[in-house]
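Just below is one structure, and these are the notes that go with it.
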Amino acid sequence: MWAALACVAVWSAGETRAFGHAPNTSYLKIEIAPGLIRTRFTLDVLTILRVAPTFDANLDGEITEAEARAALPDLEDYLREHVFLDIDDSESGWGDRLELEWPNTERTALPRRDWHQILVPFTASRSLDSNRMPRDLLVTYDVFVEWGIQHRVLGEFLLGEDIKVPVEFTLDAPDYLFDVAHALGEKHSGA
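Below you can see the structure in the form of structure tokens.
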């Protein structure tokens, strides 16, 4: 009986690891506040390497934080050229430079065997004039040739603590218009 329980425990541990990150999936979170839009892109290492091969500059199969930081301008250029943000019907861009958040607290190198499941977050902030709320945001992904036609981006628009709107970007649905005014109106009307 103990052997059977041990097998279940090992199998369960394998399941957690295998399904911890869905393949061909990236993530986007956009927090909207008066005067500020904060964006968090989260990509697995294999997706990053498709567009910024210098992420493993020395090709040793381990990505150090120094390598990742050195490659950050390549990734940032790619994202700015292929993922678009329009605010109130005007092309706006993502704001300041991307900030890399290293995915492990030990700050150790990322080994090749885990590249398919290691998620690396990047953040950017954009200030808005006069501390105002935008009327709407349009996000467009033009990445599916490089990232793969099966790739999807799971996104979320956040307005404060109360309003969370999930969205999925795919080859067939590469953009989404988030109507901030409508979302705020629904919240205030109790809908």
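All letters in the sequence shown, in the order written, are residues 20 to 210 by the numbering used here. Using N, Cα and C, we set each Cβ at its ideal position, and we do this for glycine too.
First and last residue of the uninterrupted alpha helix (DSSP H) at residue i
| i | result |
| --- | --- |
| residue 89 | 84–101 |
Coarse secondary structure for residue i, derived from DSSP in three states
| i | result |
| --- | --- |
| residue 131 | helix |
| residue 165 | helix |
| residue 117 | coil |
| residue 111 | coil |
| residue 198 | strand |
| residue 150 | helix |
Delimiting residues of the beta strand (DSSP E) encompassing residue i
| i | result |
| --- | --- |
| residue 187 | 182–188 |
| residue 139 | 138–146 |
| residue 172 | 171–178 |
| residue 191 | Here residue 191 belongs to no beta strand (DSSP E), and DSSP marks it neither H nor E. |
| residue 159 | 155–160 |
Cβ-Cβ separation, residue j to residue i (assumed contact under 8 Å), whole Å
| i | j | result |
| --- | --- | --- |
| residue 95 | residue 69 | No, residue 95 and residue 69 are not in contact; Cβ-Cβ is about 15 Å, not under 8 Å. |
| residue 157 | residue 141 | Going by Cβ atoms, the distance from residue 157 to residue 141 rounds to 20 Å, so no, they are not a contact pair. |
| residue 93 | residue 86 | Between residue 86 and residue 93 the Cβ distance is about 11 Å, and since that is not below 8 Å, they are no contact. |
Paired residues, beta bridge with residue i - DSSP
| i | result |
| --- | --- |
| residue 81 | 130 |
| residue 104 | 158 |
Check your understanding: In chain order, which alpha helix (DSSP H) runs of at least 4 residues are fully inside the stretch 43–78?
Key -> 64–70
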